[in-house]
Structure formats: C-alpha cells, structure tokens
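*Asks:*
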Amino acid sequence: MTTYSGTSLKSGLKILIKNQPYEIQCSEFIKPGKGQAFVRIKLKQLLTGKILSKTVKATDIFYSTDITEITAIYLYNNGFIWIFMNKKSFEHIHVLKKFLYGCEKWLINSSSCKIILWNNSPISVHTNTFIILRVQDIDITVKGDTVNSTSKLVFVETGVSVRVPLFIKKGDFIKIDTRLGKYISRINH
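Have a look at this one:
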C-alpha cells in the first residue's frame, strides 16, 4: 500500500480512513501564521456516497485503497441483483441494487458502464455521462399550447421520462446527460 502525508492529499485520490474507502473531492493546504500547518479536505465515502469535511495535520499519514475500475457490459437483472460482464475477462459480476445508486434507470441490454471494485467486491456502478436512447412514448400535448411550453415529456426505452423540444417524435434517438437526466440533442440514425 502506498502512503500519503497530509500535504500530498489531492483531488481524486482514494484513501483509507478507519478501514473505509474514501475519495478526496477537494483539498486545501493551510499554513497559519502561528502554529502547525494543516489540510482541510472534503471526502466522499465510497460505500455510502456520503460527503464529509475533515481537517488533518500536514504530518498525518494515510494509506491508499485497493480500488480498481473495470469496464463492463450490462446483461440482465432479477430485481435484486444486476449481472454485468467484464469486457476484458468476460467473467460475470453480480452487483446488488444498493450499489447502483440510481444508475439502473439508464441501463439497457449491452450498455457499457464502469464498475468500481474494492477488495474485488463491487461498490458502485457508473453509466456513461451521455447515453443515446430511443423515444418509446410521448406524453400527450394539447395542440395550441406551444405559446407557454416549448418542451414536452417523452418516455425512453428504459421507462424514464425526459423533457425534450417539441420536434422530437416517437422512434427518434436522443442524447441524454445521465447526471442531470436532461435532453442534450437528437441523434440521426
């Protein structure tokens, strides 16, 4: 395991605190006029997703975590467990729903995603930031109501509803930002 001092803590670094994996969101080195230097860090707990702030001494020692990221393909689920296939080794990875953190609404068969492993156990799944999905159904809009509203609600193939411009039709492919659940553009296929 690699060791880090308080002064070498940077954004994106994954460390162990009390035998739990954390990712540093941001860090700020502070050297007061009087007293010992310290580092103020903002951490994300990788198992629960909670964000916390912590102040550590510049001389404190931290250990790196055994975090790996793999690219996988979504295969299927049974409602409790989602099955993915590692793109490199072709082995199946079983992920509990609690580790999907809401990304299951963007998964369709054969979609690519990243799985974060800690000690060879999955702890989170991340879909691509932008995905392309087909419009399955369109919410009924009242003709002539285009003065007040320049968008309408559509349902994509995963069942998620997304606000789109009025020119989008059933069967169109649209690009969606999965972080915000927002329409980006229409894709010509």
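The sequence shown begins at -3 in our numbering and counts up one residue at a time. Even glycine gets a Cβ: it sits at the ideal position worked out from N, Cα and C.
Judging by CA-CA distance, which residue of His185, Ile20, Leu129, Gly29 is the nearest neighbour of Lys101?
*Replies:* Numbered from 1 along the sequence shown, position 105 holds the residue referred to as residue 101. With distances taken between Cα atoms, Lys101 lies closest to Leu129.
*Asks:* Is the CB-CB distance between Thr154 and Ile104 below 7 Å?
*Replies:* Taking the first residue of the sequence shown as position 1, residue 154 is located at position 158. Taking the first residue of the sequence shown as position 1, residue 104 is located at position 108. For Thr154 and Ile104, yes; Cβs fall inside 7 Å.
*Asks:* Determine the burial state of Pro161: buried for a count of at least 16 other Cβ atoms within 10 Å of its Cβ, exposed for fewer.
*Replies:* To locate residue 161, count along the sequence shown from 1; it is residue 165. Exposed is the call here.
*Asks:* Is any beta-carbon of chain C found at less than 7 Å from that of Asp168?
*Replies:* The chain inventory of the structure shown lacks chain C, comprising one protein chain alone.
*Asks:* Between the region 8 to 18 and the region 56 to 76, are three or more C-beta pairs nearer than 8 Å?
*Replies:* The region 8 to 18, when compared against the region 56 to 76, does touch it at the 8 Å Cβ threshold.
*Asks:* Which term fits Pro28, buried or exposed, when burial requires 16 or more other beta carbons within 10 angstroms of its beta carbon?
*Replies:* Taking the first residue of the sequence shown as 1, we reach residue 28 at position 32. Classification of Pro28: exposed, given that the 10 Å Cβ count is below 16.
*Asks:* If you run the structure through DSSP and keep just helix, strand and coil, what is Glu100?
*Replies:* Taking the first residue of the sequence shown as position 1, residue 100 is located at position 104. Three-state result, Glu100: helix.
*Asks:* Could you tell me whether the region 106 to 119 touches the region 85 to 98, using the rule of 3 or more Cβ pairs below 8 Å?
*Replies:* Result yes; three or more Cβ-Cβ pairs closer than 8 Å.
*Asks:* Have a look at Ser106, Val121, Thr67 and flag the residue whose alpha-carbon is nearest the alpha-carbon of Val91.
*Replies:* Taking the first residue of the sequence shown as 1, we reach residue 91 at position 95. Closest option to Val91, Cα to Cα, is Val121.
*Asks:* Using only CA atoms, which one of Gln21, Phe126, Tyr70 lies nearest to His88?
*Replies:* As a working note, residue 88 is residue 92 in the sequence shown. Of the listed residues, the one whose Cα sits closest to His88 is Tyr70.
*Asks:* Return the chain-ordered list of same chain residues with a C-beta closer than 6 Å to the C-beta of Thr123, the five sequence neighbours on each side being excluded.
*Replies:* By 1-based counting over the sequence shown, the position of residue 123 is 127. Answer for Thr123: Cys99, Trp102, Cys109, Thr174, listed in chain order.
*Asks:* Nearest to Thr64 by CA position, among Tyr0, Lys178, Leu42, is which residue?
*Replies:* Along the sequence shown, one-based indexing puts residue 64 at 68. Checking every option, the nearest Cα to that of Thr64 belongs to Leu42.
*Asks:* Under the assumption that Ser1 contacts Thr55 (Cβ atoms under 8 Å), give the Cβ distance between them as a whole number of angstroms.
*Replies:* As a working mapping, residue 1 is identified with position 5 in the sequence shown. As a working mapping, residue 55 is identified with position 59 in the sequence shown. Correct: roughly 6 Å between the Cβ atoms.
*Asks:* Closer than 6 Å by C-beta to Ile66: which residues in its own chain qualify, once you throw out the five before and the five after it? Chain order, please.
*Replies:* Counting from one through the sequence shown, the residue named residue 66 turns up at place 70. Within the same chain, Ile66 has close Cβ partners Asn82, Ile111.
*Asks:* Inspect the beta-carbon positions of Asp18 and Leu39 and report whether they are closer than 7 Å.
*Replies:* The residue labelled residue 18 in the question sits at position 22 within the sequence shown. The residue labelled residue 39 in the question sits at position 43 within the sequence shown. Here the sequence assigns Tyr to residue 18, which means Asp is not the residue at that position. A contact, by the Cβ cut-off of 7 Å.
*Asks:* Cα separation between Phe80 and Ser117?
*Replies:* Locating residue 80 in the sequence shown gives position 84, counting from the first residue. Locating residue 117 in the sequence shown gives position 121, counting from the first residue. Straight-line Cα distance between these residues: approximately 13 Å.
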